[in-house]
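Chains as they are written, first to last, in this note's numbering: chain D, 1 to 100; chain X, 101 to 200. All C-beta atoms in this analysis are idealised placements derived from N, C-alpha and C, irrespective of residue type, glycine included. From a predicted model like this one, the values you see are computed outputs, not experimental measurements.
Protein chains: 2
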Amino acid sequence: MNFADKRKYEELAHINKALAHATRLFIVNKLDEKDYCVKELTEMIGADISTVSKHLTVLKNAGIIKDDKQGNCVYYKLQTPCVLSMFNCLANVIKSNQNR
Amino acid sequence: MNFADKRKYEELAHINKALAHATRLFIVNKLDEKDYCVKELTEMIGADISTVSKHLTVLKNAGIIKDDKQGNCVYYKLQTPCVLSMFNCLANVIKSNQNR
DNA sequence: TGCCTATTTGGTCAAACCGCCAAATAGTGT
DNA sequence: ACACTATTTGGCGGTTTGACCAAATAGGCA
């Protein structure tokens, strides 16, 4: 594996890593419906708000969501909605796994 | 997040986690060309063979690849090739990130 | 300014991840 | 059985992750 390849795959892996947590996948799915602020997501998730905030930071750093400060609250929204299409593929993997 | 949702997202996350490492993404890409055995992949990757073997196990447990023992060697192949289509989406994320 | 709400940041701790090495296992051929 | 090759497994250290709590920061309003 040459240097350029290595860089490319690390970049891809970085994004997948951001999507490698149940809570963050939940967030992505929710944000596909509409924008939510940290507090709202926290209530749905049922974890500490600092935990949720950090999950949101991970997704933001990967370029999957972006934040939109409105007064007191920070609303998050999907930046690259195509991420949702990946779920279909993942669903196929799961389906295929069940047939084993 | 209810129990069924939690299970669903953990299952999805498990697959993404398997794809959240540069070496494993490299392997998936290579196996899209043709089947390779552990030794061949190890030479391309340049890590210890035990390390590569473990990466392959991770991908296999996620249902992304499967193994095919032929005599002395174990050949691996893609089980769900649609995984490759995910790369297109990821490429979009990267492109979008570069425009920021 | 002071108070309240929303969010982020820093710290700590346990669990998981990832690399290598060494040893065990499996198959092939003499 | 023995030697040789290919692969997996177990274990050990170093790094990263993810949860919570506490403290810091930012905005809105009296």
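Judged by beta-carbon spacing, ILE165 (chain X) lies within the 9 Å limit of LYS177 (chain X), meaning their Cβ atoms are closer than that value. CA-to-CA, the gap between LEU59 (chain D) and CYS37 (chain D) works out to about 14 Å. Here LEU19 (chain D) carries a coil assignment [DSSP, helix/strand/coil].
Your pair LEU19 (chain D) and ASN116 (chain X) checks out as a contact, with CB atoms roughly 5 Å apart and the cut at 8 Å. If you keep only unbroken beta strand (DSSP E) runs of at least 3 residues inside the region 25–53 of chain D, you get nothing at all. Flagged as an interface residue toward chain D: SER196 (chain X), by a C-beta distance shorter than 9 Å. Sixteen is the threshold: since fewer than 16 other Cβ atoms of the shown chains lie within 10 Å of the Cβ of ARG107 (chain X), the residue is exposed. What VAL183 (chain X) touches in chain D, judged by beta-carbon distance under 8 Å, is CYS89 and VAL93, going in chain order. Within the region 7–28 of chain D, contact with chain X at the beta-carbon level (separation under 7 Å) is assigned to TYR9, GLU10, GLU11, LEU12, ALA13, ILE15, ASN16, LYS17, LEU19, ALA20, HIS21, ALA22, LEU25 and PHE26.
Straight through space, the alpha carbons of ASN72 (chain D) and ALA13 (chain D) are spaced by roughly 34 Å. At a cut-off of 9 Å between beta carbons, ASP5 (chain D) contacts chain X.
Straight through space, the alpha carbons of LYS54 (chain D) and MET86 (chain D) are spaced by roughly 23 Å.
Annotation: Cβ neighbours of THR80 (chain D) in chain X (cutoff 7 Å, chain order): ASN192, VAL193 and SER196.
Taking C-beta separations shorter than 7 Å and ignoring five residues to either side along the sequence, the partners of VAL152 (chain X) in its chain run VAL138, LEU141, THR142 and ILE145, following chain order. Your pair ASN199 (chain X) and THR80 (chain D) does not check out as a contact, with CB atoms roughly 11 Å apart and the cut at 8 Å.
Nearest neighbour of LEU84 (chain D) by Cα position, chosen from D:ASP68, D:TYR9 and D:ASP32, turns out to be D:ASP32.
With respect to TYR109 (chain X), ASN2 (chain D) sits apart: the two C-beta atoms are not nearer than 9 Å. The three-state secondary structure of ILE165 (chain X), taken from DSSP, is strand. Around the beta-carbon of ALA104 (chain X), fewer than 16 other beta-carbon atoms lie within 10 Å, marking it exposed. A straight-line Cα-Cα distance of about 22 Å links LEU125 (chain X) and LYS169 (chain X).
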